[in-house]
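Enquirer:
Numbering (UniProt numbering), first residue to last: 1 to 220.
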């Protein structure tokens with residue numbers, strides 16, 4: 001027998017929803033909103049967020065066309081988090097990362113774009129599971145503290161390619177090897193070091209079988 005599964009709001013989230021309605025924090029994005037904006041105040045900016053298994057990335061798109069970026073890698077204990085939790089955490093980290101810019105430019109309204117339908121639904125309805133409720137609360141309370149109003153929009157994955165790329169940046173270029181151990185390995189294996197020893201297929205400057213002679217002045 002199949003039972004109808006009813007999803008109930010957590011009490012604290014429901015109270016937040018009532019408070020949100022009473023303070024008219026739900027924005028009506030129309031021309032009247034722009035008319036009420038004081039001259040010289042930047043009213044709206046867009047935050048595009050995306051999470052990957054390795055890290056997070058977010059962009060802030062201003063009305064002027066300028067795009068700011070923020071990204072980072074997950075700590076060890078956060079790698080095991082679910083994709084939905086990581087997406088909510090990415091939205092939170094994106095808001096925190098751009099707080100200084102929002103204050104300086106007097107941005108009070110943010111359009112949050114995410115390709116995670118669960119995160120979008122949870123933030124729109126303030127209705128979520130017990131495991132994700134703390135993440136939703138964190139975002140809501142942070143925006144309330146910063147006096148920032150948000151509206152959530154779902155986008156297709158192909159649209160947030162910049163945020164997606166930022167979330168995966170830490171995999172390339174953030175690693176290093178200690179020269180002492182490298183020298184020991186070179187001596188044991190009798191390896192002759194080349195300029196492209198650690199080059200990847202996407203970063204190599206020369207074919208794998210070719211090594212540049214740094215003493216050759218004719219090489220360009």
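C-beta: ideal position from N, C-alpha, C; glycine also.
In angstroms with no decimal places, state the Cα-to-Cα distance between residue 123 and residue 59.
Expert: Numbered from 1 along the chain shown, position 123 holds the residue referred to as residue 123. Numbered from 1 along the chain shown, position 59 holds the residue referred to as residue 59. Approximately 19 Å between the Cα atoms of the pair.
Enquirer: Going by the beta-carbon positions, is the gap between residue 135 and residue 85 smaller than 8 Å?
Expert: Within the chain shown, the letter at position 135 stands for residue 135. Within the chain shown, the letter at position 85 stands for residue 85. Against a cut-off of 8 Å, the Cβ pair of residue 85 and residue 135 comes out as a contact.
Enquirer: Apply the 10 Å Cβ neighbour rule to residue 148 and answer buried if 16 or more other Cβ atoms are within range, or exposed otherwise.
Expert: Position 148 of the chain shown, counting from 1, holds the residue named residue 148. Buried: at least 16 other Cβ atoms inside 10 Å.
Enquirer: Which stretch, first to last residue, makes up the beta strand (DSSP E) that contains residue 100?
Expert: Taking the chain shown and counting its residues from 1, one reaches residue 100 at position 100. Here residue 100 belongs to no beta strand (DSSP E); instead the alpha helix (DSSP H) covers 99–104.
Enquirer: Consult DSSP for residue 61 and reduce its assignment to one of helix, strand or coil.
Expert: The residue labelled residue 61 in the question sits at position 61 within the chain shown. Three-state result, residue 61: strand.
Enquirer: Give me the Cα-Cα distance between residue 50 and residue 190, rounded to the nearest whole angstrom.
Expert: In the chain shown, the residue the question calls residue 50 occupies position 50. In the chain shown, the residue the question calls residue 190 occupies position 190. Their backbone Cα atoms lie some 44 Å apart in a straight line.
Enquirer: Could you give the distance in angstroms between the alpha-carbon of residue 184 and the alpha-carbon of residue 178?
Expert: Along the chain shown, read from residue 1 onward, the residue named residue 184 stands at position 184. Along the chain shown, read from residue 1 onward, the residue named residue 178 stands at position 178. Going from the Cα of residue 184 to the Cα of residue 178 covers about 10 Å.
Enquirer: Since residue 110 and residue 150 should fall inside the 8 Å C-beta cutoff, what is the C-beta to C-beta distance between them, to a whole number of angstroms?
Expert: Taking the chain shown and counting its residues from 1, the one referred to as residue 110 is at position 110. Taking the chain shown and counting its residues from 1, the one referred to as residue 150 is at position 150. Right, their Cβ atoms sit about 5 Å apart.
Enquirer: What is the rounded straight-line gap between the Cα of residue 139 and the Cα of residue 91?
Expert: Counted from its first residue, the chain shown places residue 139 at position 139. Counted from its first residue, the chain shown places residue 91 at position 91. Cα to Cα, the separation comes out at about 8 Å.
Enquirer: Can you grab the Cα-Cα spacing for the pair residue 152 / residue 188, in whole Å?
Expert: Position 152 of the chain shown, counting from 1, holds the residue named residue 152. Position 188 of the chain shown, counting from 1, holds the residue named residue 188. The alpha-carbon atoms of residue 152 and residue 188 are separated by roughly 57 Å.
Enquirer: Which ranges would you report for the alpha helix (DSSP H) in the segment 106–173 if only whole runs of at least 4 residues count?
Expert: Qualifying alpha helix (DSSP H) stretches, in chain order: 117–125, 133–146 and 161–167.
Enquirer: Please report the straight-line C-alpha distance between residue 29 and residue 143, rounded to a whole angstrom.
Expert: Walking along the chain shown from the start, residue 29 turns up at place 29. Walking along the chain shown from the start, residue 143 turns up at place 143. With a pLDDT of only 42 at residue 29, under 50, the local geometry of the prediction cannot be trusted, and the value read off the model is given with reservation. The alpha-carbon atoms of residue 29 and residue 143 are separated by roughly 18 Å.
Enquirer: Could you tell me if residue 89 is buried or exposed, where buried requires 16 or more neighbouring beta carbons within 10 angstroms of its beta carbon?
Expert: Taking the first residue of the chain shown as position 1, residue 89 is located at position 89. Label assigned to residue 89: buried.
Enquirer: How would you call residue 131, buried or exposed, if buried means at least 16 neighbouring beta carbons within 10 angstroms?
Expert: Residue 131 sits at position 131 when you count from the first residue of the chain shown. Classification for residue 131: exposed.
Enquirer: If you measure between the beta carbons of residue 101 and residue 68, is that distance less than 8 Å?
Expert: Sequence index remark: in the chain shown, residue 101 carries index 101 (1-based). Sequence index remark: in the chain shown, residue 68 carries index 68 (1-based). In contact: residue 101 and residue 68 (Cβ atoms closer than 8 Å).
Enquirer: Apply the 10 Å Cβ neighbour rule to residue 65 and answer buried if 16 or more other Cβ atoms are within range, or exposed otherwise.
Expert: On the chain shown, residue 65 is found 65 positions in, with the first residue counted as 1. So residue 65 ends up on the exposed side.
Enquirer: Just the C-alpha distance for residue 192 and residue 118, rounded to the nearest angstrom, thanks.
Expert: If you number the chain shown from 1, residue 192 lands on position 192. If you number the chain shown from 1, residue 118 lands on position 118. Straight-line Cα distance between these residues: approximately 52 Å.
Enquirer: Can you give the Cα-Cα distance for residue 47 and residue 76, rounded to whole angstroms?
Expert: Your numbering for residue 47 matches position 47 in the chain shown. Your numbering for residue 76 matches position 76 in the chain shown. If you take the alpha carbons of residue 47 and residue 76, they lie about 26 Å apart.
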